[in-house]
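Visitor: Residue numbering for the sequence shown follows UniProt numbering, starting at 1 and increasing by one per position.
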Amino acid sequence: MKMQIAEELKSACTKVVETRNTSCLYKFKEHVEKCVQEKKIENRDLIIECVLKLSGLIPSKLLGQLLSKAIYLKDSELCFILIENFQLIDEVHAVDFIKFLLSGIEFKEDEFSKLPLDIEHKLDILFEKKFDYHLLSAELKRLSSNEFILCLQYLQNNVKKAFQENLQNNQETNEIEKMETNQKTISPNILQITDLFSCFVDAHFTHITLSSKSQEIIADVLQLIENQLDIFFDLISIDSLIKEIKQNKDFQIKNTNHISDYFIEVLKIE
1 MKMQIAEELK SACTKVVETR NTSCLYKFKE HVEKCVQEKK IENRDLIIEC
51 VLKLSGLIPS KLLGQLLSKA IYLKDSELCF ILIENFQLID EVHAVDFIKF
101 LLSGIEFKED EFSKLPLDIE HKLDILFEKK FDYHLLSAEL KRLSSNEFIL
151 CLQYLQNNVK KAFQENLQNN QETNEIEKME TNQKTISPNI LQITDLFSCF
201 VDAHFTHITL SSKSQEIIAD VLQLIENQLD IFFDLISIDS LIKEIKQNKD
251 FQIKNTNHIS DYFIEVLKIE
């Protein structure tokens, strides 16, 4: 019986790869669910092999039962492979995964404190996905106070990292180093991070009012963003002023030695 289910699973996976057909996807789902037992997952390695082959084709709602069982069994490898290779992730599954990742980790009152690198990497993969932030905000209410602050701290560190990387990229002069800098691992961009930050804040207003540390983190992130905006608007005002000067004929003066024209260069920060 076990061998038969494995063969059916392989066949269903192959048909999805060949046809990209929705009905074949649901057939694959049926065979996967036959492998989900009360205390174990049959044909686990074969399922992983199939999920990797079908990367980017399966939404999480199709294999939600498998993900829930993997979380229940504390199978972190299978959980992460599913999250990494799902085409779309339902908000309820995203929060289930967050809670699973952060279980057993306690927040530390330390400004330099960070999550373990492997946990950060997995959150990077998760938050790089697209979500309906209204639905996500509703699901985030299920996070405990400790989980909420850990996520805030993760987002705070990512805001700092994003601004630092942008500054380094602008200061880079060596072409080889530029190429190396551009080879980055998958992670949410600054717009996704700020959207997520707003989402978490909306979901946990009560936690914020009761936690001084949450207030400190939020104030720090807002100050970082405000500083960046101030620099951006200052540059825009300088740029427009220089354009006006260059268009004004009164400033197009030759020097007395006729060596060259006076000129102003506009530096563009990309």
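Just so you know, even glycine gets a beta-carbon here, dropped at the ideal spot from N, CA and C.
May I ask which residues mark the beginning and end of the alpha helix (DSSP H) holding Asn85?
Guide: Mapped onto the sequence shown, residue 85 falls at position 85. Ser76 to Asn85 is the span of the alpha helix (DSSP H), which, as asked, contains Asn85.
Visitor: For the alpha helix (DSSP H) holding Gly64, just list the boundary residues, first then last.
Guide: Walking along the sequence shown from the start, residue 64 turns up at place 64. Gly64 to Tyr72 is the extent of the alpha helix (DSSP H) around Gly64.
Visitor: Measure from the alpha carbon of Asn157 to the alpha carbon of each residue in Tyr133, Glu139, Asn189 and Leu135, then state which is nearest.
Guide: Your numbering for residue 157 matches position 157 in the sequence shown. Considering only alpha carbons, the answer is Asn189.
Visitor: Give the DSSP bridge partners of Ile41, in chain order.
Guide: The residue given as residue 41 occupies position 41 in the sequence shown. DSSP lists Val36 as partners of Ile41.
Visitor: Under the assumption that residue 288 contacts Lys114 (Cβ atoms under 8 Å), give the Cβ distance between them as a whole number of angstroms.
Guide: In the structure as shown, the chain begins at 1 and stops at 270. Residue 288 is therefore absent and cannot be evaluated.
Visitor: Anyone know if the C-beta pair for His93 and Lys53 falls short of 9 Å?
Guide: One-based indexing of the sequence shown puts residue 93 at position 93. One-based indexing of the sequence shown puts residue 53 at position 53. No.
Visitor: Report yes if the C-beta distance between Ile58 and Asn21 is below 9 Å; otherwise report no.
Guide: Position 58 of the sequence shown, counted from the first residue, corresponds to residue 58. Position 21 of the sequence shown, counted from the first residue, corresponds to residue 21. No, the Cβ-Cβ distance between Ile58 and Asn21 is not below 9 Å.
Visitor: Using only the alpha-carbon positions, how far apart do Ile89 and Asp220 sit?
Guide: What you label residue 89 is simply residue 89 of the sequence shown in a count that begins at 1. What you label residue 220 is simply residue 220 of the sequence shown in a count that begins at 1. Near 30 Å, if we compare the C-alpha coordinates of Asp220 and Ile89.
Visitor: For a test of the three-state rule: what should DSSP assign to Leu143, helix, strand or coil?
Guide: Counting from 1 along the sequence shown, the entry for residue 143 is found at position 143. Correct three-state label for Leu143: coil.
Visitor: Could you have a look at Leu222 and say whether DSSP puts it in helix, strand or coil?
Guide: In the sequence shown, the residue the question calls residue 222 occupies position 222. The answer is helix: DSSP assigns Leu222 an H, G or I state.
Visitor: Please go through the same chain and pick out, in chain order, the residues whose beta-carbon is closer than 7 Å to the beta-carbon of Leu150, but skip the five residues on each side of it.
Guide: The sequence position of residue 150 within the sequence shown is 150, counting from 1. Taken in chain order, the residues that qualify are Leu102, Ile105, Phe107 and Leu115.
Visitor: Return the residue from the list Gln192, Ala162 and Gln37 that minimises the CA-CA distance to Ser68.
Guide: In the sequence shown, the residue the question calls residue 68 occupies position 68. For the residues Gln192, Ala162 and Gln37, the minimum Cα distance to Ser68 belongs to Gln37.
Visitor: Hey, which unbroken runs of the alpha helix (DSSP H) at 4 residues or more fall wholly within the region 94 to 119?
Guide: none
Visitor: Below 9 Å between beta carbons: does that hold for Glu147 and Lys213?
Guide: As a working mapping, residue 147 is identified with position 147 in the sequence shown. As a working mapping, residue 213 is identified with position 213 in the sequence shown. No. Outside cutoff.
Visitor: Taking the alpha-carbon positions, what's the Arg142 to Glu18 distance?
Guide: Counting from one through the sequence shown, the residue named residue 142 turns up at place 142. Counting from one through the sequence shown, the residue named residue 18 turns up at place 18. About 40 Å.
Visitor: Measuring alpha carbon to alpha carbon, tell me which residue in Ser137, Val16 and Glu216 is nearest Lys29.
Guide: Locating residue 29 in the sequence shown gives position 29, counting from the first residue. Nearest to Lys29 by alpha-carbon distance, out of Ser137, Val16 and Glu216, is Val16.
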